[in-house]
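Residue numbers (the working numbering), protein chains in the order written: chain E, 1125 to 1255; chain X, 1125 to 1255. Presented below is the structure to which this report refers.
And the structure:
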């Protein structure tokens, strides 16, 4: 029975791994629907400690890294080169920027088929407007 | 002996995992030095097939996702909103953009302590200039 359980765990892990690797290359749609999943998970990870943290990390590390990179890339580029549109405070954390994206996507579900880069930009404009 | 080998593998995996999770939150420097590692690995992953592909993916999925997201975020934002500076061809692939970043960083090693977002932008300006 124990062996059957172990086999099941190994099979599940293998499935997750394959799916994860596959999505990393081919299955990424680059839309808001995928982004809200990645960023919600990453935000959860940022707030966790201990074993729960490891468990969350294992769910989709590529997706979380993608969220982290995309949000940083868009926020920094906009903050430095689109100075009339996005003004991120000096003390804003990565978690705050990620949370702004999650909130924006949850509040605007009709945009979930839009391109993820544009959605992050709109979220930054909404959360960190220039006064 | 076999058991000792298995234990070693498990310990190594646990170490990699912990380091990976730690880097995901705290150890990211956000510089070119880290980016060249992430993007070189991701480019390698994109070109691989079979078991080698899985092995490469396992090395640092968060870092590869970070590269993918950062390059996409900066390239798209610049292409759409900084139209006089970056003109990415319609048929350019993600792999081409990632390769442009790796090449730029390898050709400009003195910039490796600069901020990663700015380096991606410079790489895009260099690889995809507007004529």
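Think of the CB as a built atom: it goes at the ideal place given N, C-alpha and C, for glycine as much as any other residue.
Using a Cβ cut-off of 8 Å, pull out every chain X residue sitting near residue i, in sequence order please.
| i | result |
| --- | --- |
| residue 1232 of chain E | Correct list: empty, because the minimum Cβ distance to chain X is about 19 Å. |
| residue 1244 of chain E | 1197 |
Can you name the residues of chain X whose CB is closer than 7 Å to the CB of residue i?
| i | result |
| --- | --- |
| residue 1198 of chain E | 1197, 1201 |
| residue 1252 of chain E | The premise fails here: residue 1252 of chain E is roughly 15 Å from chain X at the closest Cβ pair, so nothing lies under 7 Å. |
Assuming residue i and residue j make a contact with CB atoms under 8 Å, what is their CB distance in whole Å?
| i | j | result |
| --- | --- | --- |
| residue 1195 of chain X | residue 1225 of chain X | 6 Å |
| residue 1189 of chain E | residue 1189 of chain X | 3 Å |
| residue 1156 of chain X | residue 1236 of chain X | 4 Å |
| residue 1193 of chain X | residue 1191 of chain E | 6 Å |
| residue 1243 of chain X | residue 1229 of chain X | 7 Å |
| residue 1158 of chain E | residue 1240 of chain E | 7 Å |
| residue 1179 of chain X | residue 1165 of chain X | Not really, about 11 Å apart at Cβ, beyond 8 Å. |
| residue 1249 of chain E | residue 1210 of chain E | 6 Å |
| residue 1254 of chain E | residue 1208 of chain E | 6 Å |
Considering only DSSP beta bridges, list what residue i is partnered with.
| i | result |
| --- | --- |
| residue 1155 of chain E | E:1239 |
Which bits of chain E does residue i rub up against, with CB to CB less than 9 Å?
| i | result |
| --- | --- |
| residue 1222 of chain X | Residues of chain E passing the Cβ test: none, with the nearest at roughly 11 Å. |
Could you work out which residues of chain E lie near residue i, taking near to mean beta carbons separated by less than 7 Å?
| i | result |
| --- | --- |
| residue 1241 of chain X | 1196, 1197, 1200, 1201 |
| residue 1206 of chain X | 1205 |
*the segment 1197-1205 of chain X / the segment 1188-1207 of chain E touching (three or more Cβ pairs under 8 Å)*: As far as the Cβ criterion goes, the segment 1197-1205 of chain X touches the segment 1188-1207 of chain E, which means the pair count is three or higher.
_Quick check: the segment 1164-1171 of chain X against the segment 1206-1224 of chain X, are at least 3 beta-carbon pairs closer than 8 Å?_
yes
*Could you tell me which uninterrupted alpha helix (DSSP H) segments, each at least 4 residues in length, are contained entirely in the segment 1153-1225 of chain E, listed from first to last along the chain?*
1156-1171, 1174-1183, 1185-1205
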